[in-house]
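Enquirer: According to the working numbering, the sequence shown is numbered sequentially starting from -17. No residue lacks a Cβ here, since even glycine has one placed at the ideal position from N, Cα and C.
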Amino acid sequence: MSEYIIETHNLTKRYGNQVSVSNLNIHVKQGRIYGLLGRNGAGKTTTMRMLLGLTAPTSGEVKIFGRPMQGNENKILPRIGCLIESPGFYPNLTATENLRIFAELRGINKPNYIKGALERVNLPYRDKKLFSEYSLGMKQRLAIALAVMHEPEVLILDEPINGLDPIGIAEVRSFIRELCDARGKTILISSHILSEISLLADDIGIIDRGVLLEEESLKELEAKNAKFVHFIVSDASKAAQIISKLFQTRNMQIADSYNLYLYDTTLPVAKINRALMENGIDIKEAHLCEDTLEDYFKKITGGEGIA
C-alpha cells in the first residue's frame, strides 16, 4: 500500500488554450499537514476541485486512500471533509439548524456531532443568532465546522482562514494542528498567506502558474534558505579583497559600494571585523542574516512574494 493518502499523477486541467494545472504530481502523507502554497490564480483551487471530483481533469490521475478517484467516488468521498467554496447555508436559520440539515442529508443522526463541530470552531450550540447576522469570520468558521462534522479521515481546505481576524486565524491554526496531532487527520490546506503556511504545515508544495515547483518538508525547505553575513562598510570592494586574501574565500557578493554579503558563515566575524578595521575599512554594521521562506518563494518563482 502506498504511503501517500493523496497523490496525483501528471494531473492536468485545460480550459481551451489556457492551462490551469500542468502535469501536477503531489504526494500527501498520512497524518501530516500538506500546505499547497501559491499566489491567487496559481491553480490551487482547480487542483482541489479535481481531487474531489468536482472538476474533471483533462488528463492525469487522482488517487486517494490508494484508489483512483474515478469510479470509487462513493467509497472515497464519505471519508473526506472539504471546504472549497462557501456552502449554501440558509440565511434565516441558525448555525445549529443549518448543520442539522446537512447532517440529515448525510445520514448523521448523532446530535453530539453537531455540538462538537461547533465547539471546535468556537461557535455556540443552539444559539439564536441567524446565519445572516454572522460576520465573515463566523461564516468561515461555520463552513469549517461543516467540513469536520462527520469526523472525516482527510480534510481538504481551500484558503480556510480567509476573512478571519488575527485572533480567528490563530484559533483556526491551532484547531487544524490539533486535528492532525491529536486526532490523526491528514490535511491538505491551500493558502496564499505564506506566513501562515510556514507556521502550520509539515510539508509544502509550491505551485506557480499551474506548475508544481517544489515539494518538500518544511524543514527541508528551511534548510535551503541561505545564511550570510551582511557587512555595511566604507568600501565594499576593498573589504572583499581583504577577506579573500586573509580568509581564503571568494564566496561573497558585492551589492554596491557599501554593502557586502559573505556566504561562508563558518568564518569568524569578529576576526574579519578586526582585519577590516586594521586595513582602514570603516564598519557600520555586520550581522548574520537568513533568507525567509518568502525569499525562497521569490527566488524559485522569479517574481514578487506573496502575503
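(1) Can you list the alpha helix (DSSP H) stretches of 4 or more residues lying completely in the region 161 to 195, in chain order?
(2) Can you give the Cα-Cα distance for L228 and E272, rounded to whole angstroms?
(3) Taking 8 Å as the threshold (C-beta atoms), are I(-13) and K26 in contact?
(4) Name the DSSP bridge partner or partners of H(-9)?
(5) Under a Cβ-count criterion, where at least 16 other Cβ atoms within 10 Å of its own Cβ denotes burial, should R88 be classed as buried or exposed?
(6) Counting C-beta neighbours from all protein chains within 10 Å, is the total for P50 16 or more, i.e. buried, or is it exposed?
(7) From E(-11) to E260, what does the alpha carbon distance come to, in whole angstroms?
(8) Should A205 and G17 be called a contact, given that it needs their Cβ atoms to be closer than 8 Å?
(9) Between the Cα of E67 and the Cα atoms of D190, A125, L200, which residue gives the shortest distance?
(10) Would DSSP call G305 helix, strand or coil?
(11) Please state whether DSSP places I83 in a helix, a strand or coil.
(12) What separation, rounded to the nearest whole angstrom, lies between the Cα atoms of L290 and V103?
(13) Name the one or two DSSP bridge partners that L65 has.
(14) In the structure shown, what three-state DSSP assignment does V103 receive?
(15) Kindly list the residues whose CB is nearer than 7 Å to the CB of R108, restricted to its own chain and excluding five residues on each side of it in sequence; keep chain order.
(16) Determine the DSSP secondary structure at I8, reduced to helix, strand or coil.
(17) Where do the ends of the beta strand (DSSP E) carrying E267 lie?
(18) Starting from K92 and walking both ways along the beta strand (DSSP E), at which residues does that stretch end?
(19) With a 10 Å radius around its C-beta and 16 neighbouring C-beta atoms as the bar for buried, classify L118 as buried or exposed.
(20) State the DSSP-derived secondary structure class of Q0, mapped to helix, strand or coil.
(21) Could you check what DSSP says for Y240 in three-state terms: helix, strand or coil?
(22) Rounded to a whole number of angstroms, what is the C-alpha to C-alpha distance between N22 and L176?
(23) DSSP on K209, reduced to helix/strand/coil?
(24) Is it the case that the region 28 to 48 contacts the region -2 to 5, given that we only count it when at least three CB pairs across the two stretches are under 8 Å?
(25) Assess, as a yes-or-no matter, whether the region 264 to 283 is touched by the region 200 to 214 under the definition of 3 or more beta carbon pairs within less than 8 Å.
Expert: On the basis of the data shown:
(1) 176 to 182
(2) 25 Å
(3) no
(4) E43
(5) exposed
(6) exposed
(7) 59 Å
(8) no
(9) A125
(10) A query on residue 305 cannot be resolved here, the shown segment of the chain reaching from -17 to 289 and no further.
(11) helix
(12) Because residue 290 is not part of the residues shown, which for the chain are -17 to 289, the question remains open.
(13) L139
(14) coil
(15) T78
(16) coil
(17) 265 to 272
(18) Element bounds for K92: n/a, residue is neither H nor E.
(19) exposed
(20) strand
(21) coil
(22) 12 Å
(23) strand
(24) yes
(25) yes
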